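Novice: Got a structure for you, questions after.
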Amino acid sequence: MACLQHPDRDQPVYLMAHHTVGRRQGVADTRITLPEISGIHAAIQWTGSHWIIRYLSRNGTWVNGQQLIPAKNQQLHLSDKLTFGRANNPEWVVENLDPPENLLIDMETGEGIPLESYHLLPDEHDPIASLHFNPVNGVWIYDILDCAENRDSARVVTHGARIDCARSSWQLFLGNSQSTTTELSFKNLCISDFRLRYTVSHHEEHVQLQLTKDEMKLDLAARSHNYLLLYLARARIRDIQRGVDEADQGWVAIDLATRELGITVNHLNTQIFRARKQIADSLPDAIDTSRLVERRSYEMRLGCTQLDIFKGSQKEELEASTGEYPVSAVSETEPA
21 MACLQHPDRD QPVYLMAHHT VGRRQGVADT RITLPEISGI HAAIQWTGSH
71 WIIRYLSRNG TWVNGQQLIP AKNQQLHLSD KLTFGRANNP EWVVENLDPP
121 ENLLIDMETG EGIPLESYHL LPDEHDPIAS LHFNPVNGVW IYDILDCAEN
171 RDSARVVTHG ARIDCARSSW QLFLGNSQST TTELSFKNLC ISDFRLRYTV
221 SHHEEHVQLQ LTKDEMKLDL AARSHNYLLL YLARARIRDI QRGVDEADQG
271 WVAIDLATRE LGITVNHLNT QIFRARKQIA DSLPDAIDTS RLVERRSYEM
321 RLGCTQLDIF KGSQKEELEA STGEYPVSAV SETEPA
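Following this line, the structure appears as structure tokens:
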């Protein structure tokens, strides 16, 4: 991740794709309060292949002791020494010139962690929250998934926001302004636009999941969280067969689900996070997975309505009246 070494601090200054240096608070990305520094003094920018610096003031900007010409671009190189204002002002050293990235910056150490499109916090091993990009409205969402509470814990977070999770704190750094320009054919697509097809082993030890839309087909490896998605799919299919209104289809009480699945609420939450992440990692970044599992007060449901469940080569049929899932009740041979 491209960064400069601050002359007075150990922590690096990470660069946004278009990064401004100046004195104006709330406008300049990196603020220098010396009196000779202009409101917007200089700009550092990623061109797609390299970084350049542009001098925007009349009060002096220097690279390796050479004064820049105003409004003229100059390419940056590793170890370049930048000086803003007077030539003898403190030097900022170019430490990294990698392309811009979105980061979570540890507020204690200053370390920058590359941000994935679906990121689990505080870590993947014991997640209690997620940070993910929603391409439908172009925002980042921080979500504490605690289905047992009567509240929606998801909130929009912006560049510079502080994120506290467990005993850790990070600052959100959105350095890659191109992160929302993913392939246009997938822009605004949601997981609910896909058909989910489950292939279940006879004793249900293995559940594989396939996602399809138009000519696109994605096979996901069997994971333990697939059984939770299968459980919710069966509840939704049962309500569809009963003719329940779409708004009321598939809702399952959290306490009932945890009892029937034999897991705790925390384990259920972890499985939902991991299911969303597996799909987000496998599909283009522009696809939103937040609706994979929807929730309301003490209930949850699968957010998808295009569902097929196969045991071997036969499609499973559910008993709409009882909610039972008889292994023998299958029909419709799987198409070739």
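Position in the sequence shown counted from 1, then plus 20, gives you my numbering. The beta-carbon is built from N, C-alpha and C at its ideal position, and this holds for glycine as well. Bear in mind that the values here come from a model prediction, so they are computed numbers and not experimental data.
(1) Buried or exposed: which applies to E280, given that a residue is buried once 16 or more other Cβ atoms fall within 10 Å of its Cβ?
(2) Within a Cβ cutoff of 6 Å, which residues of the same chain sit near Q230, ignoring the five residues on either side of it in sequence?
(3) My output table needs one value for E203: the three-state DSSP class, helix, strand or coil.
(4) Apply the 10 Å Cβ neighbour rule to L276 and answer buried if 16 or more other Cβ atoms are within range, or exposed otherwise.
(5) With a 10 Å radius around its C-beta and 16 neighbouring C-beta atoms as the bar for buried, classify S137 as buried or exposed.
(6) Could you name the residues of the same chain whose beta carbon sits closer than 7 Å to that of S302, not counting the 5 residues immediately before and after it, in chain order?
(7) Tell me whether H145 counts as near the ligand GTP, meaning its Cβ is closer than 7 Å to at least one heavy atom of that ligand.
(8) What is the DSSP secondary structure of L249, counted as helix, strand or coil?
(9) For D28, which of helix, strand or coil comes out of DSSP?
(10) Okay, do the segment 26-34 and the segment 105-120 touch, 3+ Cβ pairs below 8 Å being the bar?
(11) So, is S173 buried or exposed, given that buried needs 16 or more other C-beta atoms within 10 angstroms?
(12) Give the straight-line distance between the Cα atoms of P120 and Y247, rounded to the nearest whole angstrom.
(13) Unbroken alpha helix (DSSP H) runs of length 4 or more, entirely within the segment 137-180: which are they?
(14) Report the option in A295, T284, A37, N84 whose CA atom is closest to the CA atom of L250.
Specialist: Once the coordinates are examined:
(1) exposed
(2) R217, D239
(3) Per-residue confidence for E203 stands at a pLDDT of 39, beneath the threshold of 50, marking its modelled position as unreliable; the derived number appears in the next sentence. Correct three-state label for E203: coil.
(4) exposed
(5) buried
(6) L238, L240
(7) With respect to small molecules bound, the structure shown includes none, and the ligand GTP cannot be examined in it.
(8) helix
(9) coil
(10) yes
(11) exposed
(12) Whole-angstrom Cα-Cα distance: 38 Å.
(13) none
(14) A295
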